[in-house]
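Numbering of the sequence shown is given in the working numbering, commencing with residue 1 and proceeding in unit increments.
C-beta atoms are modelled at their ideal positions from N, C-alpha and C, and glycine is treated no differently.
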Amino acid sequence: MEVNQVTGSFKERGARWALLQLDEKDRKTGVYAASAGNHALALSYHGQQLGIPVNVVMPRHAPIMKIESCGRFGANIRVEGKHMVESRTIGLRLASENHGKYINGYDHVDVIAGAGTVGLEVIEQVMHADVDAVLVPVGGGGLIAGVSLAIKSVFPRVKVIGVEAASCSGFKVHSLEAGKPVLSTSLGTLADGLAVPLIGCNSFATAKDHIDRMVTVSEEDISLAILRLVEYEKVVVEGAGAVGIAALLSGQLNDLKGKKVPLERPLCSDKISDNNDNESGMVSDHRLMRVELVVSDRPGSLAEMANIIAEQGASLHDINKVFRFI
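Given below as C-alpha coordinates:
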(Lines of atoms letter the chains of each structure in order from A and count residues from 1; the text may use other names and numbers.)
(Lines give C-alpha, C1' and ligand atoms only; values in the text may rest on other atoms or scores of the structure.)
Protein backbone atom coordinates (compact mmCIF):
# COMPACT_ATOMS: atom_id res chain seq x y z
CA MET A 1 0.00 0.00 0.00
CA GLU A 2 1.28 3.45 -0.88
CA VAL A 3 0.34 4.58 2.62
CA ASN A 4 3.53 2.79 3.71
CA GLN A 5 5.73 5.17 1.74
CA VAL A 6 7.71 7.53 3.99
CA THR A 7 5.48 10.50 3.14
CA GLY A 8 2.36 8.35 2.78
CA SER A 9 1.64 8.52 -0.95
CA PHE A 10 2.59 7.26 -4.42
CA LYS A 11 3.90 10.75 -5.23
CA GLU A 12 7.35 9.69 -4.01
CA ARG A 13 7.82 7.58 -7.13
CA GLY A 14 7.63 10.46 -9.58
CA ALA A 15 9.28 13.01 -7.30
CA ARG A 16 12.43 10.96 -6.77
CA TRP A 17 12.67 9.96 -10.44
CA ALA A 18 12.33 13.60 -11.54
CA LEU A 19 15.01 14.71 -9.07
CA LEU A 20 17.38 11.97 -10.23
CA GLN A 21 17.12 13.25 -13.82
CA LEU A 22 18.40 16.75 -12.93
CA ASP A 23 21.79 17.87 -14.22
CA GLU A 24 24.44 19.19 -11.86
CA LYS A 25 23.45 22.83 -12.40
CA ASP A 26 19.79 22.23 -11.53
CA ARG A 27 20.76 20.14 -8.50
CA LYS A 28 22.63 23.13 -7.10
CA THR A 29 20.03 25.74 -8.05
CA GLY A 30 17.14 23.69 -6.66
CA VAL A 31 13.64 22.91 -7.84
CA TYR A 32 10.27 24.64 -7.57
CA ALA A 33 6.77 23.20 -7.35
CA ALA A 34 3.19 23.99 -6.40
CA SER A 35 1.24 21.43 -4.40
CA ALA A 36 -1.54 21.13 -1.85
CA GLY A 37 0.36 18.43 -0.01
CA ASN A 38 1.54 15.05 -1.26
CA HIS A 39 3.78 16.16 -4.15
CA ALA A 40 5.25 18.84 -1.91
CA LEU A 41 5.94 16.26 0.80
CA ALA A 42 7.51 13.82 -1.66
CA LEU A 43 9.77 16.46 -3.22
CA SER A 44 10.74 17.84 0.19
CA TYR A 45 11.70 14.44 1.57
CA HIS A 46 13.64 13.21 -1.45
CA GLY A 47 15.20 16.60 -2.03
CA GLN A 48 16.56 16.42 1.51
CA GLN A 49 17.81 12.87 0.91
CA LEU A 50 19.56 13.87 -2.32
CA GLY A 51 20.84 17.25 -1.13
CA ILE A 52 18.72 19.24 -3.61
CA PRO A 53 17.06 22.51 -2.46
CA VAL A 54 13.26 22.36 -2.74
CA ASN A 55 10.95 25.38 -2.91
CA VAL A 56 7.22 24.78 -2.66
CA VAL A 57 4.21 27.08 -3.14
CA MET A 58 1.16 25.72 -1.32
CA PRO A 59 -2.40 27.07 -1.69
CA ARG A 60 -4.10 28.54 1.34
CA HIS A 61 -6.42 25.54 1.63
CA ALA A 62 -3.48 23.13 2.09
CA PRO A 63 -3.70 21.22 5.42
CA ILE A 64 -1.46 22.78 8.07
CA MET A 65 0.02 19.39 8.96
CA LYS A 66 1.31 18.97 5.40
CA ILE A 67 2.76 22.47 5.37
CA GLU A 68 4.58 21.78 8.64
CA SER A 69 5.81 18.38 7.43
CA CYS A 70 7.38 19.96 4.35
CA GLY A 71 9.19 22.37 6.63
CA ARG A 72 10.53 19.51 8.73
CA PHE A 73 11.99 18.00 5.56
CA GLY A 74 13.87 21.24 4.93
CA ALA A 75 11.81 22.73 2.11
CA ASN A 76 11.35 26.47 1.62
CA ILE A 77 7.58 26.97 1.84
CA ARG A 78 5.42 29.79 0.55
CA VAL A 79 1.69 29.60 1.32
CA GLU A 80 -0.03 31.63 -1.39
CA GLY A 81 -2.89 31.20 -3.84
CA LYS A 82 -6.62 30.58 -3.54
CA HIS A 83 -6.30 27.33 -5.47
CA MET A 84 -3.72 25.24 -7.31
CA VAL A 85 -3.81 27.27 -10.53
CA GLU A 86 -2.81 30.44 -8.65
CA SER A 87 -0.14 28.60 -6.66
CA ARG A 88 1.23 27.06 -9.85
CA THR A 89 1.46 30.49 -11.51
CA ILE A 90 3.44 31.79 -8.55
CA GLY A 91 5.69 28.73 -8.53
CA LEU A 92 6.46 29.09 -12.24
CA ARG A 93 7.30 32.77 -11.76
CA LEU A 94 9.66 32.03 -8.88
CA ALA A 95 11.36 29.27 -10.85
CA SER A 96 11.87 31.64 -13.80
CA GLU A 97 13.18 34.48 -11.63
CA ASN A 98 15.65 32.20 -9.86
CA HIS A 99 16.61 30.08 -12.90
CA GLY A 100 15.37 26.93 -11.21
CA LYS A 101 13.62 23.85 -12.57
CA TYR A 102 9.85 23.66 -12.06
CA ILE A 103 8.51 20.14 -11.41
CA ASN A 104 4.78 19.85 -11.97
CA GLY A 105 3.28 17.33 -9.57
CA TYR A 106 0.95 15.75 -12.13
CA ASP A 107 2.12 16.81 -15.61
CA HIS A 108 5.91 16.55 -15.63
CA VAL A 109 6.90 13.62 -17.86
CA ASP A 110 9.19 12.12 -15.20
CA VAL A 111 6.44 12.38 -12.59
CA ILE A 112 3.99 10.62 -14.94
CA ALA A 113 6.60 7.92 -15.56
CA GLY A 114 7.03 7.45 -11.82
CA ALA A 115 3.28 7.12 -11.36
CA GLY A 116 3.24 4.54 -14.13
CA THR A 117 5.34 2.19 -12.00
CA VAL A 118 2.22 1.66 -9.88
CA GLY A 119 0.58 0.21 -12.98
CA LEU A 120 3.62 -1.95 -13.67
CA GLU A 121 3.42 -3.38 -10.16
CA VAL A 122 -0.25 -4.20 -10.66
CA ILE A 123 0.73 -6.10 -13.80
CA GLU A 124 3.47 -7.98 -11.95
CA GLN A 125 1.52 -8.76 -8.80
CA VAL A 126 -2.10 -9.40 -9.71
CA MET A 127 -2.53 -9.82 -13.43
CA HIS A 128 -2.15 -13.57 -13.07
CA ALA A 129 -5.46 -13.37 -11.19
CA ASP A 130 -7.32 -12.39 -14.37
CA VAL A 131 -8.18 -8.82 -13.30
CA ASP A 132 -11.21 -7.24 -14.98
CA ALA A 133 -10.76 -3.53 -14.19
CA VAL A 134 -8.72 -1.04 -12.19
CA LEU A 135 -10.02 2.05 -10.37
CA VAL A 136 -7.80 5.12 -10.48
CA PRO A 137 -8.37 8.40 -8.58
CA VAL A 138 -8.07 11.48 -10.79
CA GLY A 139 -6.91 14.94 -9.77
CA GLY A 140 -4.38 16.53 -12.10
CA GLY A 141 -4.28 13.34 -14.16
CA GLY A 142 -0.70 12.18 -13.65
CA LEU A 143 -1.55 8.90 -11.93
CA ILE A 144 -4.20 7.78 -14.40
CA ALA A 145 -1.95 8.79 -17.30
CA GLY A 146 0.94 6.63 -16.14
CA VAL A 147 -1.16 3.73 -14.89
CA SER A 148 -3.52 3.55 -17.89
CA LEU A 149 -0.63 3.61 -20.36
CA ALA A 150 1.21 0.84 -18.49
CA ILE A 151 -1.81 -1.42 -18.12
CA LYS A 152 -3.33 -0.90 -21.57
CA SER A 153 0.06 -1.52 -23.20
CA VAL A 154 0.19 -5.02 -21.71
CA PHE A 155 -3.47 -5.93 -21.11
CA PRO A 156 -5.72 -3.82 -23.38
CA ARG A 157 -8.81 -5.83 -22.32
CA VAL A 158 -8.57 -4.59 -18.70
CA LYS A 159 -10.90 -1.64 -18.13
CA VAL A 160 -9.42 1.53 -16.64
CA ILE A 161 -11.99 3.50 -14.64
CA GLY A 162 -11.17 6.98 -13.36
CA VAL A 163 -12.74 8.34 -10.17
CA GLU A 164 -13.12 12.05 -9.34
CA ALA A 165 -14.69 13.96 -6.47
CA ALA A 166 -17.92 15.50 -7.78
CA SER A 167 -16.91 18.90 -6.44
CA CYS A 168 -13.76 19.00 -8.61
CA SER A 169 -14.57 16.91 -11.67
CA GLY A 170 -12.47 18.78 -14.21
CA PHE A 171 -11.46 15.66 -16.14
CA LYS A 172 -14.85 14.02 -16.64
CA VAL A 173 -17.28 16.91 -16.80
CA HIS A 174 -15.14 19.46 -18.63
CA SER A 175 -11.95 18.22 -20.29
CA LEU A 176 -13.08 14.87 -21.71
CA GLU A 177 -16.23 16.40 -23.14
CA ALA A 178 -14.28 19.32 -24.64
CA GLY A 179 -11.46 17.14 -25.92
CA LYS A 180 -8.82 19.29 -24.21
CA PRO A 181 -7.90 20.49 -20.69
CA VAL A 182 -10.44 23.07 -19.53
CA LEU A 183 -10.25 25.24 -16.41
CA SER A 184 -13.06 24.25 -14.05
CA THR A 185 -14.38 25.37 -10.69
CA SER A 186 -12.84 23.40 -7.85
CA LEU A 187 -14.87 23.45 -4.63
CA GLY A 188 -13.87 22.25 -1.19
CA THR A 189 -13.62 18.47 -0.83
CA LEU A 190 -12.45 15.80 1.60
CA ALA A 191 -10.27 14.62 -1.28
CA ASP A 192 -8.14 17.78 -1.20
CA GLY A 193 -5.33 15.96 -3.00
CA LEU A 194 -7.60 15.76 -6.07
CA ALA A 195 -8.72 19.41 -6.00
CA VAL A 196 -7.00 20.48 -9.22
CA PRO A 197 -9.06 22.84 -11.42
CA LEU A 198 -6.98 22.32 -14.57
CA ILE A 199 -5.88 18.90 -15.85
CA GLY A 200 -2.28 18.66 -17.05
CA CYS A 201 -1.77 18.79 -20.83
CA ASN A 202 0.67 15.87 -20.93
CA SER A 203 -1.48 13.85 -18.56
CA PHE A 204 -4.63 14.49 -20.57
CA ALA A 205 -2.99 13.64 -23.89
CA THR A 206 -1.60 10.41 -22.45
CA ALA A 207 -4.70 9.25 -20.60
CA LYS A 208 -7.67 10.27 -22.75
CA ASP A 209 -7.46 7.33 -25.16
CA HIS A 210 -6.80 4.74 -22.45
CA ILE A 211 -9.71 5.46 -20.09
CA ASP A 212 -12.82 3.32 -20.48
CA ARG A 213 -15.02 5.18 -18.02
CA MET A 214 -15.11 8.07 -15.55
CA VAL A 215 -17.29 8.33 -12.44
CA THR A 216 -17.69 11.03 -9.80
CA VAL A 217 -18.32 10.50 -6.10
CA SER A 218 -20.01 12.77 -3.55
CA GLU A 219 -18.56 14.01 -0.27
CA GLU A 220 -20.92 11.60 1.52
CA ASP A 221 -19.50 8.70 -0.51
CA ILE A 222 -15.94 9.73 0.35
CA SER A 223 -16.60 10.16 4.07
CA LEU A 224 -18.32 6.77 4.21
CA ALA A 225 -15.37 5.15 2.41
CA ILE A 226 -12.92 6.63 4.94
CA LEU A 227 -15.07 5.30 7.78
CA ARG A 228 -15.39 1.82 6.26
CA LEU A 229 -11.63 1.58 5.79
CA VAL A 230 -11.07 2.46 9.44
CA GLU A 231 -13.75 0.04 10.65
CA TYR A 232 -13.00 -2.96 8.44
CA GLU A 233 -9.37 -2.60 7.32
CA LYS A 234 -8.00 -0.69 10.34
CA VAL A 235 -6.33 1.74 7.93
CA VAL A 236 -6.55 5.54 8.12
CA VAL A 237 -6.43 7.23 4.71
CA GLU A 238 -7.16 10.68 3.36
CA GLY A 239 -10.09 11.34 1.06
CA ALA A 240 -8.04 11.22 -2.14
CA GLY A 241 -6.92 7.70 -1.30
CA ALA A 242 -10.46 6.53 -0.53
CA VAL A 243 -12.33 7.59 -3.67
CA GLY A 244 -11.94 4.17 -5.28
CA ILE A 245 -13.77 2.57 -2.35
CA ALA A 246 -16.26 5.46 -2.48
CA ALA A 247 -17.04 4.64 -6.11
CA LEU A 248 -17.78 1.03 -5.21
CA LEU A 249 -19.96 2.05 -2.25
CA SER A 250 -21.88 4.59 -4.34
CA GLY A 251 -23.60 1.93 -6.42
CA GLN A 252 -22.33 3.33 -9.73
CA LEU A 253 -20.18 0.28 -10.43
CA ASN A 254 -22.61 -2.54 -9.69
CA ASP A 255 -21.63 -4.14 -13.00
CA LEU A 256 -18.28 -4.98 -11.37
CA LYS A 257 -19.83 -7.16 -8.66
CA GLY A 258 -18.11 -10.54 -8.58
CA LYS A 259 -15.20 -9.25 -10.67
CA LYS A 260 -11.57 -8.65 -9.70
CA VAL A 261 -10.83 -4.95 -9.36
CA PRO A 262 -7.58 -3.61 -7.81
CA LEU A 263 -7.62 0.00 -6.61
CA GLU A 264 -4.92 2.38 -7.77
CA ARG A 265 -3.47 5.00 -5.44
CA PRO A 266 -3.93 2.02 -3.12
CA LEU A 267 -5.05 3.35 0.24
CA CYS A 268 -2.81 6.29 -0.40
CA SER A 269 -1.74 8.52 2.46
CA ASP A 270 -2.56 8.59 6.11
CA LYS A 271 -2.43 12.39 6.12
CA ILE A 272 -5.91 13.19 7.41
CA SER A 273 -6.70 16.92 7.49
CA ASP A 274 -7.05 18.92 10.67
CA ASN A 275 -10.82 18.67 10.96
CA ASN A 276 -10.52 14.93 11.51
CA ASP A 277 -7.78 15.08 14.11
CA ASN A 278 -8.31 14.65 17.81
CA GLU A 279 -9.31 18.06 19.16
CA SER A 280 -7.36 17.73 22.40
CA GLY A 281 -4.21 16.93 20.47
CA MET A 282 -4.79 19.90 18.19
CA VAL A 283 -5.07 22.22 21.18
CA SER A 284 -1.80 20.85 22.60
CA ASP A 285 -0.17 21.36 19.21
CA HIS A 286 -1.41 24.99 19.07
CA ARG A 287 -3.53 24.28 16.00
CA LEU A 288 -6.88 24.86 17.67
CA MET A 289 -7.67 27.72 20.04
CA ARG A 290 -10.61 29.48 21.58
CA VAL A 291 -10.93 33.22 21.01
CA GLU A 292 -13.48 35.61 22.54
CA LEU A 293 -14.27 38.72 20.51
CA VAL A 294 -16.68 41.61 20.86
CA VAL A 295 -18.15 42.66 17.51
CA SER A 296 -20.93 44.96 16.44
CA ASP A 297 -24.34 43.47 15.61
CA ARG A 298 -24.54 45.42 12.37
CA PRO A 299 -24.93 43.42 9.13
CA GLY A 300 -21.60 42.15 7.82
CA SER A 301 -19.70 42.19 11.12
CA LEU A 302 -19.33 38.42 11.32
CA ALA A 303 -18.30 38.31 7.66
CA GLU A 304 -15.57 40.88 8.31
CA MET A 305 -14.32 38.85 11.25
CA ALA A 306 -14.27 35.66 9.16
CA ASN A 307 -12.35 37.43 6.39
CA ILE A 308 -9.69 38.62 8.83
CA ILE A 309 -9.26 35.08 10.13
CA ALA A 310 -9.11 33.67 6.58
CA GLU A 311 -6.44 36.21 5.58
CA GLN A 312 -4.24 34.73 8.30
CA GLY A 313 -4.62 31.26 6.80
CA ALA A 314 -6.88 29.98 9.58
CA SER A 315 -10.40 28.56 9.50
CA LEU A 316 -13.37 28.73 11.85
CA HIS A 317 -14.20 25.50 13.65
CA ASP A 318 -17.28 26.74 15.48
CA ILE A 319 -19.01 30.01 16.43
CA ASN A 320 -21.00 30.54 19.59
CA LYS A 321 -22.72 33.92 19.35
CA VAL A 322 -23.99 35.60 22.53
CA PHE A 323 -25.96 38.87 22.45
CA ARG A 324 -25.19 41.43 25.14
CA PHE A 325 -27.07 44.66 25.68
CA ILE A 326 -24.97 47.61 26.77
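Counting along the chain, isoleucine 151 sits inside the alpha helix (DSSP H) bounded by residues 142-154. The Cβ neighbour count for cysteine 201, taken over all protein chains shown within 10 Å, is under 16; the residue is labelled exposed.
Under the DSSP assignment, glutamate 164 falls in the beta strand (DSSP E) whose first and last residues are 159-165. For arginine 72, the enclosing alpha helix (DSSP H) has its first and last residue at 64-72.
In the structure shown, asparagine 76 adopts extended strand secondary structure according to DSSP, grouped into three states. Burial state of serine 169 is buried, judged by a 10 Å Cβ sphere holding 16 or more other Cβ atoms.
According to DSSP, residue pairing for threonine 216 in a beta bridge involves Glu164. According to the DSSP assignment, alanine 34 belongs to the beta strand (DSSP E) that extends over 31-34. Here methionine 84 carries a helix assignment [DSSP, helix/strand/coil]. For aspartate 209, the number of other beta carbons within 10 angstroms of its own is below 16, and it is reported as exposed. Shown here, asparagine 104 sits in coil according to DSSP, grouped into three states, outside any helix or strand.
In this structure, DSSP gives valine 126 a helical state, which the three-state scheme calls helix. Taking C-beta separations shorter than 8 Å and ignoring five residues to either side along the sequence, the partners of methionine 305 in its chain run Leu293, Val295, following chain order. One thing to note: glycine 188 has its Cβ within 8 Å of the Cβ of serine 167. At a Cβ-Cβ threshold of 8 Å, glycine 14 and aspartate 107 do not count as neighbours. Contact check between the stretch 233-253 and the stretch 188-199: three or more CB pairs, one atom from each, fall below 8 Å, which counts as touching. The Cβ atoms of isoleucine 52 and leucine 22 sit closer than 8 Å to each other.
Bounds of the beta strand (DSSP E) holding alanine 133 are 133-137.
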